[in-house]
Amino acid sequence: MTITWKDYPVNGFYDELITFAGDPRPGANHLLRHLDGLTEAELQERKAAADAAILSMGITFTVYSEAEGSIDRAWPFDIIPRIITLREWQRIEAGLKQRVRALNLFIDDIYHDQKIVKDGVFPAELLADSQNFRPECVGISPPRGVWAHICGSDLVRDRDGTVYVLEDNLRVPSGVSYMLENRMVMKRVLPELFDDYAIVPVDDYPSQLYQCLASLAPEKLRPNVVVLTPGIYNSAYFEHCYLAQQMGAELVEGRDLVVGDDDCVYMRTIEGLTKVDVIYRRIDDLFLDPEAFHPDSTLGVPGLMRAWKKGNVALANAPGAGVADDKVVYTYVPDIIRYYLGEDAILPNVPSYRCVIPEECEYVLANLDKLVVKPANESGGYGMLIGPAASTEQREQFARLIRNDPRNYMAQPLLSLSTAPTLIDHLVEPRHLDLRPFILSGQDIYVTNGGLTRVALKKGSTVVNSSQGGGSKDTWIVDWEAA
Amino acid sequence: MAMLSRVAEHLYWMARYLERAESTARLVSVNGSLILDLPKHVRPGWASLIAITGSDELFYKKYPDAAEGHVVKFMLADEENPGSILSSIRAARENARTVRDIIPREAWEQINDLNLKARSHLSGGLSPKWRYAFLNEVVLSIQMISGVLAGGMSHDDGFEFMTIGCHLERADMTTRIIDVRSSSLSQDPSDVLKPFENILWMSVLKSLTAYQMYRRHMQAAVRREAVLKFLLQDSEFPRAFYYCLCTVRNCLSRLPRSAAILDALLPLKRQIDEAKPEELSQEELMLFIDELQIKLGEIHDALAKTYFGAESAETTQSQAQG
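Chains as they are written, first to last, in the numbering used here: chain U, 4 to 486; chain X, 5 to 326.
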């Protein structure tokens, strides 16, 4: 059986490739026609080729499971790409740049004069209770005033086609290596499509990342840049390795580094100690330096914060950048953009209710069956209440949690996430997805061409995390007007 | 940029494990074919492989006897045997995974592939009919990996550590094989193996892929004396002990901070140079080989101490100031 698009159920959701009327969206025409022309056997052959490529390229992610420890799994990948037109992307790109610029100004202000608080735009009590605010960072001025050098923002599209920012990840966002590898796999399994399309390439990310990191040591011609990983058992180890390799930077673990009496950071090499200038750290704030944070952490480097505060080493992302990654702070981002840049946000937030504001809290408590409630600082979809799917007991439990600690919660209406055609066994079915572009801030701001599209492979599910059965697709920014 | 100590250590072990898997594959393959050449009543059997790899204790704890099926399973597939082909490949892959940012991508892919392939083709490898094909595939895959590394990786410090790892492992295997095979001949009470002695020495050469080169360079029939001389002292055959030692020495001379290890290597080199293995009685030979093995261990320890270990707080501080 080949694909027949007229049988494809759009189901009332916004589909990324097909309109409500069942026609291809702008830019999707070639792709759909091409897939249409493949026989069932050919389609399965391509899928098998993709799986084989992923296995032998060793593209993996690690799942933590209690029974077997951590397991390295092949990266789940769907061969039908998701398409965004260049024109739409340019607007999104501008929106992301604006957002990150404002967020960096915000973080810098928070650790200095806190003008935004004094001006009454941002509530002081939010800061007082922030889990990711680091008092250790007050008064520190990292190079170029940039704190969040690498930001991964999650975007979703609602039923009417509007693209919303769902959250900003400013601590150690991952996924960019899979974006790059997805493209590599696509080129191997459906090369002919690249003839039909002007697909914007993605593979300059590693050199952009290197430039961004190197710009943090402006006085040096060839700074020593390293990627700091928690080690091979971390779920993102593949990515740490991949990025180090692509940048030609050294991949180090905490035990490879040492802070000397001169408060500079050195790595242990076969020649003795070599000075390190820039650290792209992929371990969380609280594990960075046992002297400053968790004393029993073996992942970090004793004295690292001391070296950073003295300006002897640059850290990306800077410690404390996570203060803006709080989901309650998120609800203020449109205000933050207006305050620092004097502009309206180009990309909207998902409408959100802040439980710290009494009227909004009342609304949330009265409408728990319609809302998604999120705690301020969890990630990976943990600790949430999906109201419409929850039991009465769960809703009551959350009502108690919110009343006890309104600062820690925000709520959003349940979005109807958009879908895209996905090859499930032998059929093409709609599956929900999101998109994580990556934004680099150094001397300049750079946005990836597209990002990592994550797909919920389970029917009807909106959970896209790979640890919970999510997969991914290649994301094509297509200049179809030029093609 | 100077190489991280930890990375140097992983590269060293990656190469050692790859070499170990390859030599184990050759060993099993050659033994299988040797046995077919000997009359049933004098077949030396499979126990010698267990002895060569120094794993008697582990083996006899798990298996009742050294029957072919048991030994082959132990050498190929037993994950509790750290020297089995599967364990070695897995360990090589784990080390490679840790340094995959350092080695060429193709090399990582090949090592990863080898691990997948070895596992999925294993049941074939355990049946006598497909064993040769399986082992041959393992050997060829590892040769390919060595090729990709030699031709695609800068011959920098990391490459020196890989080369050192590979050649220490080879030197070790060469001495083990000589030790066990020659002792099985000398312990043969009724001399039943005597008529087959040169078949046995041929198999020694073949386990080290040395047969053809032996013929070319020694231009002699396969005799104990000449074989020993070739395998211990030849300076051109890559699996000869002397060659391995010289390679290790050359690599070290290009590495920083190697003076002390090089000094310690010198007497060993001289000892091999001046030895007359052909004149040694069986007992003397075994003592001599024991000594070589101890010295190989010492070289490893010196490497670990100089390059791999975490430095003491004292040196850290003095170097940080410097």
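Where is the CB? At the ideal position from N, CA and C, for every residue including glycine.
According to DSSP, is residue i part of a helix, a strand, or is it coil?
{"i": "residue 102(X)", "result": "helix"}
{"i": "residue 226(X)", "result": "coil"}
{"i": "residue 348(U)", "result": "coil"}
{"i": "residue 125(X)", "result": "coil"}
{"i": "residue 358(U)", "result": "coil"}
{"i": "residue 441(U)", "result": "strand"}
{"i": "residue 78(X)", "result": "helix"}
{"i": "residue 58(X)", "result": "coil"}
{"i": "residue 76(U)", "result": "strand"}
{"i": "residue 476(U)", "result": "strand"}
{"i": "residue 156(U)", "result": "strand"}
{"i": "residue 414(U)", "result": "strand"}
{"i": "residue 204(X)", "result": "helix"}
{"i": "residue 2(X)", "result": "Outside the displayed range of chain X (5 to 326) lies residue 2(X), so it cannot be described from this structure."}
{"i": "residue 377(U)", "result": "strand"}
{"i": "residue 171(X)", "result": "helix"}
{"i": "residue 113(X)", "result": "helix"}
{"i": "residue 185(X)", "result": "helix"}
Is residue i buried or exposed, if buried means 16 or more other CB atoms sit within 10 Å of its CB?
{"i": "residue 159(X)", "result": "exposed"}
{"i": "residue 23(U)", "result": "exposed"}
{"i": "residue 226(U)", "result": "buried"}
{"i": "residue 18(U)", "result": "buried"}
{"i": "residue 469(U)", "result": "buried"}
{"i": "residue 487(U)", "result": "Residue 487(U) lies beyond the residue range present for chain U, which begins at 4 and ends at 486; the question has no answer from this structure."}
{"i": "residue 251(X)", "result": "buried"}
{"i": "residue 68(X)", "result": "exposed"}
{"i": "residue 318(X)", "result": "Because the pLDDT at residue 318(X) is just 33, under 50, the model does not fix this residue reliably, and the value given afterwards should be weighed accordingly. Exposed is the call here."}
{"i": "residue 115(U)", "result": "exposed"}
{"i": "residue 298(X)", "result": "exposed"}
{"i": "residue 202(X)", "result": "exposed"}
{"i": "residue 304(U)", "result": "buried"}
{"i": "residue 314(X)", "result": "With a pLDDT of only 47 at residue 314(X), under 50, the local geometry of the prediction cannot be trusted, and no value is derived from it."}
{"i": "residue 60(X)", "result": "exposed"}
{"i": "residue 42(U)", "result": "exposed"}
{"i": "residue 286(X)", "result": "exposed"}
{"i": "residue 326(X)", "result": "Caution applies to residue 326(X), whose pLDDT of 27 falls short of 50 and renders its modelled position unreliable; the model cannot decide the point."}
{"i": "residue 213(U)", "result": "buried"}
Candidates the options: which alpha carbon is nearest residue i's?
{"i": "residue 146(X)", "options": "129(X), 170(X) and 62(X)", "result": "170(X)"}
{"i": "residue 292(U)", "options": "275(U), 231(U), 409(U) and 333(U)", "result": "231(U)"}
{"i": "residue 488(U)", "options": "354(U), 324(U), 323(U) and 325(U)", "result": "Any answer about residue 488(U) is impossible in this case: the structure gives chain U only from 4 up to 486."}
{"i": "residue 185(U)", "options": "409(U), 61(U) and 463(U)", "result": "61(U)"}
{"i": "residue 150(U)", "options": "420(U), 170(U) and 175(U)", "result": "175(U)"}
{"i": "residue 462(U)", "options": "239(U), 95(U), 446(U) and 433(U)", "result": "433(U)"}
{"i": "residue 85(U)", "options": "27(U), 77(U) and 115(U)", "result": "27(U)"}
{"i": "residue 41(X)", "options": "273(X), 131(X) and 207(X)", "result": "207(X)"}
{"i": "residue 206(U)", "options": "445(U), 53(U), 179(U) and 198(U)", "result": "179(U)"}
{"i": "residue 98(U)", "options": "52(U), 158(U), 49(U) and 459(U)", "result": "158(U)"}
{"i": "residue 136(U)", "options": "220(U), 110(U) and 121(U)", "result": "110(U)"}
{"i": "residue 122(X)", "options": "112(X), 81(X), 106(X) and 224(X)", "result": "81(X)"}
{"i": "residue 72(X)", "options": "57(X), 234(X), 131(X) and 43(X)", "result": "131(X)"}
{"i": "residue 484(U)", "options": "91(U), 445(U) and 456(U)", "result": "91(U)"}
{"i": "residue 57(U)", "options": "74(X), 120(X) and 78(X)", "result": "120(X)"}
Give a yes or no on whether 8 angstroms exceeds the smallest Cβ distance from residue i to chain B.
{"i": "residue 255(U)", "result": "No chain B appears in this structure, whose protein chains are U and X."}
Quick check for students: name the residue ranges of the alpha helix (DSSP H) that lie wholly in the region 289 to 332 of chain U, counting only runs of 4 or more. 307 to 312
Looking at C-beta atoms only, is the number of pairs between the region 411 to 426 of chain U and the region 7 to 17 of chain U that lie closer than 8 angstroms three or more? yes
Examine the Cβ distances between the region 185 to 194 of chain U and the region 331 to 350 of chain U and report whether three or more of them are shorter than 8 angstroms. no
Tell me, please, whether the region 9 to 27 of chain X touches the region 247 to 263 of chain U by the rule of three or more beta-carbon pairs shorter than 8 angstroms. yes
Every unbroken beta strand (DSSP E) within the region 205 to 283 of chain U, with a cutoff of 3 residues, ordered by chain: 228 to 231, 253 to 255, 260 to 262, 268 to 272 and 275 to 278
Would you check if the region 432 to 443 of chain U and the region 382 to 400 of chain U touch, i.e. whether three or more CB-CB distances between them fall below 8 angstroms? Contact fails: fewer than three Cβ-Cβ distances are below 8 angstroms.
Which parts of the region 15 to 40 of chain U are runs of the alpha helix (DSSP H), unbroken and 4 residues or longer, counting only runs that do not cross its ends? 32 to 40
The region 268 to 286 of chain X contacting the region 291 to 308 of chain U, beta-carbon criterion three pairs below 8 angstroms: no
Evaluate contact between the region 120 to 136 of chain U and the region 32 to 40 of chain X, counting only Cβ atoms and requiring at least three cross-stretch pairs below 8 angstroms. Inter-segment contact for the region 120 to 136 of chain U and the region 32 to 40 of chain X is absent: fewer than three beta-carbon pairs are separated by less than 8 angstroms.
Where in the region 166 to 202 of chain U do unbroken runs of the beta strand (DSSP E), each at least 3 residues long, occur, reported from the N-terminal end onward? 166 to 172
Contact between the region 360 to 370 of chain U and the region 138 to 152 of chain U is defined here as three or more beta-carbon pairs at a separation below 8 angstroms; is this criterion met? no
Are there three or more Cβ pairs, one per stretch, closer than 8 angstroms when the region 244 to 251 of chain U is compared with the region 268 to 278 of chain U? no
At which residue ranges does the region 106 to 133 of chain U contain complete alpha helix (DSSP H) runs of 4 or more residues, listed in the order of the chain? 118 to 121 and 127 to 131
Using 8 angstroms as the threshold, is the region 126 to 137 of chain X in touch with the region 44 to 62 of chain X, meaning 3 or more CB pairs across them? Flag = no, the region 126 to 137 of chain X and the region 44 to 62 of chain X do not touch.
Could you pull out every unbroken alpha helix (DSSP H) segment of at least 4 residues lying fully inside the region 228 to 296 of chain X, listed in chain order? Listed in chain order, they are 228 to 237, 245 to 258 and 263 to 278.
Stretch-stretch touch, CB-based, cutoff 8 angstroms, three pairs: the region 322 to 342 of chain U with the region 365 to 380 of chain U: yes
Could you check whether the region 99 to 116 of chain X touches the region 49 to 56 of chain U, counting it as contact only if at least three pairs of C-beta atoms, one from each stretch, sit closer than 8 angstroms? no
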